[in-house]
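According to mature numbering (1 follows the signal peptide of the UniProt record, and there is no 0), the sequence shown holds residues -21 to -1, 1 to 480 in order. Inspection log for the structure reproduced underneath, given as structure tokens.
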Amino acid sequence: MRLFTAVTALCGLLLPSSVVCADERVAAISEFNPPQVFKNTNLVRHTNLEKGYVRETVNVVVENVGKQPQSDYYLPFSSDVFDKVGSLEVRDKKAVEKGRFNVEAVELDFRSDLEYFVIHFPEPLAPKSQITLGISYTLLNSLNPRPATIEQSDRQFLSYSFSGFTISAYPTVTQKTKLKFPSTKVPDFTVTEGLKTSSGSDPERQGATFTYGPYDTSKVAPGTTYPITVRYEFTNPIITASLLERDLEVSHWGGNLATEERYWLRNNGSELTSQFSRVEWTISSYQNLPSSALRELKYPLKAGSVDPYFIDDVGNVSTSRYRPGKPNRDAHLELRFRYPIFGGWNYSFRIGWNNDLASFLRRAVTGADSYVLKVPFIEGPKAPEGAQYENVVVRLILPEGSRNVKYELVEGSASNGLPGPNQIRSHLSDYKTYMDTLGRTVLTLEAENLSDEARDSQLVVTYDYTLLDGLRKPFTITAGLLAVFAAAWFIGNIDVSIRKR
Ligand SMILES: *[C@@H]1O[C@H](CO)[C@@H](O)[C@H](O)[C@H]1NC(C)=O
Ligand SMILES: *[C@@H]1O[C@H](CO)[C@@H](O)[C@H](O)[C@H]1NC(C)=O
Ligand SMILES: *[C@@H]1O[C@H](CO)[C@@H](O)[C@H](O)[C@H]1NC(C)=O
Ligand SMILES: *[C@@H]1O[C@H](CO)[C@@H](O)[C@H](O)[C@H]1NC(C)=O
């Protein structure tokens, strides 16, 4: 924070006593207070716990209580939660089609209990006017298995802790939180006393939905927390990819789009108390009992996908099945693992398949040598419990000689599960394989902390590629072959026979 640095410098210059100065500095830099120019007139938070990660949507009516038009709204999280926020997206709830707002993380150069994002409104909000923000995000790795270890045939329970008062930088007049559980089995939860404005129990239960609030928090200082913990049954694995590497290779010459994905998976659920028993496992799978172990994944593929493979550290996994699907319907790859993956266990593998390039590539209207490619950014398995991705690296390998590469991640009116463009790192590089002269152009995109909601978000890439570039490869091969013939001819003419002396 430049401001604080300035204060410190001033302090060093003007004040003779260094002791006073040090104290002042500590006081000055341990806090960051956004200007108090807004009021949240009503806030409703929806917390969804149906998957292996937390998904929250906060709808908040914001009023400008300042004297000037304002366009920066600060969004705080406690610092232990801040790093776990993924796919943060903010829109005007009353005009979602206008697209997402620009959001940035605020860099604080000191430790603080709260860390902030700043939401930039596209147009300043006039004094006394209101805007309804729809703020949505995921929280990865934020659930705790309770108990932490279980027996092989036990049911898994997760606990989730949060503040009943949504943390905000501004006063909030009324607020409530709705929690959606995977089932009605919620054995433990915090019950509040005397907090709620209306009569009735807090939380109010309705099947698998709990409502905390409404609370009148107009007199409560912003940043005040009220701890709430819930514990619920979650019989599914917590599918976590610590890394997904996805390669898409475009071949104009072969008319092919080849995809290969490498997964480093972990089940982040309850660990086993005792040794794994194969016999017990066979019996329980025979009885079809629910288990928090991961035994298979269903992977939908685009219609027309061919030559799928599934290879792990041991080799070809022959227990997988592929259903090619009807025309224009998704195909299905069923990945059955060699052994069940319990909490704390890892499993890495790679899968791949081919597609006809024609269904992804178009010639651009701007010129005969310009192309537009539209491919899914990530695909990944589809499971009711969802999947979280800590690191994703997507590499698009374009033909040799491709130029003017530009990309865009397509936005719809709803969330595409991706973070804002400024949080996706990209770079271009060259990649040389056998017989390449220039090396192929590779576009690499890296993102962190995604969820399976990013499935099917589209990556659109435009590039230039001329006929001459297309001929380069066969030309190289021909030239290569000629060189071999010439060499063979030349070698053939050398007398290598062992002469008699
Ligand atoms: C993603 O999560 C990790 C671990 O929680 C964190 O260190 C990292 O800063 C996060 N990245 C982003 C871009 O939020
Ligand atoms: C997942 O892993 C993280 C550490 O990476 C841990 O903090 C968290 O509690 C784990 N469990 C769940 C269910 O998210
Ligand atoms: C790998 O296993 C599949 C069965 O899922 C089989 O069809 C395929 O031929 C195997 N591939 C190799 C190279 O052994
Ligand atoms: C699983 O992989 C993680 C890294 O992703 C590693 O830290 C951990 O030790 C591995 N666990 C086991 C049981 O091999």
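Ideal Cβ positions, reconstructed from N, Cα and C, are used throughout, including at glycine.
* Asked: Bridge partners of S115, per DSSP?
  -> According to DSSP, S115 bridges with T36 and E68.
* What separation, rounded to the nearest whole angstrom, lies between the Cα atoms of S91 and E83? -> Taken atom to atom, the span from the alpha-carbon of S91 to that of E83 is near 17 Å.
* In chain order, what residues of the same chain have a beta carbon less than 6 Å from the beta carbon of P126, not counting five sequence neighbours either side? -> Once the five neighbours on either side are set aside, P126 has no close Cβ partner at all.
* To do: Buried or exposed for K18, please, with buried defined as at least 16 other CB atoms from any protein chain shown within 10 angstroms of its CB.
  => Its Cβ being crowded by 16 or more others within 10 Å, K18 is buried.
* Asked: Which residues have a Cβ closer than 6 Å to any heavy atom of ligand 1, listed in chain order?
  -> Those residues that bring their Cβ nearer than 6 Å to a heavy atom of ligand 1 are D62, K63, Q402, E427 and N428.
* **Alpha carbon of Q185 to alpha carbon of W232, nearest angstrom** => Distance between the alpha carbons of Q185 and W232 is about 59 Å.
* Backbone secondary structure at E76 - three-state DSSP -> Helix at E76.
* Asked: Going by C-alpha distance, which of L280, R34, K46 and K77 is nearest A393?
  -> Ranking L280, R34, K46 and K77 by Cα distance to A393 puts K77 first.
* Just confirm the distance between the C-beta atoms of S349 and T441, as a whole number of angstroms; I'd bet it's less than 8 Å. => With a Cβ gap of about 6 Å, S349 and T441 count as contacting.
* Asked: Does the beta-carbon distance from E250 to G323 come in below 7 Å?
  -> Yes.
* To do: Check each residue's C-beta against every heavy atom of ligand 4 and list, in chain order, those closer than 5 Å.
  => This criterion selects S221 and N325.
* For Q367, collect the residues of the same chain with a Cβ closer than 6 Å to its Cβ; drop the 5 residues on either side in sequence, then sort them by chain order. => Excluding sequence positions up to five before and after Q367, its CB lies within less than 6 Å of the CB of Y32, L119, T219 and S430, all in the same chain and listed in chain order.
* Do the CB positions of L312 and Y288 come within less than 7 Å of each other? -> Remark: C-beta atoms of L312 and Y288 do not approach each other more closely than 7 Å.
* **Residues near K159 in its chain [Cβ-Cβ closer than 8 Å; skip 5 each side]** => Excluding its 5 nearest sequence neighbours in each direction, K159 has C-beta neighbours in its own chain below 8 Å: H25, T26, N27, L28, E29, A187 and T188, listed in chain order.
* Going by beta carbon distance, what residues of the same chain come within less than 6 Å of R34, once the five residues before and after it are set aside? -> Its chain contains N27 and T117 as the residues whose beta carbon lies nearer than 6 Å to that of R34, once the 5 sequence neighbours on both sides are disregarded; these appear in chain order.
* Asked: Taking A148 as the reference, which of D443, N307, S381 and Q15 has the closest Cα?
  -> The residue with the shortest Cα to Cα distance from A148 is Q15.
* For Y53 and E212, the rounded distance between their alpha carbons -> Going from the Cα of E212 to the Cα of Y53 covers about 35 Å.
* **the stretch 300 to 311 / the stretch 96 to 116 touching (three or more Cβ pairs under 8 Å)** => The stretch 300 to 311 vs the stretch 96 to 116: no contact.
* To do: Please name the residue, chosen from E224, D51, F61 and L22, that lies closest to V152 on a Cα-to-Cα basis.
  => Out of E224, D51, F61 and L22, L22 has the C-alpha closest to the C-alpha of V152.
* Asked: So V344 is in the alpha helix (DSSP H); what residue range does that whole segment cover?
  -> Boundaries for V344: no alpha helix (DSSP H) harbours it, and the DSSP string shows neither H nor E there.
* V170 versus G202 - alpha carbon distance -> Their Cα atoms are separated by approximately 21 Å.
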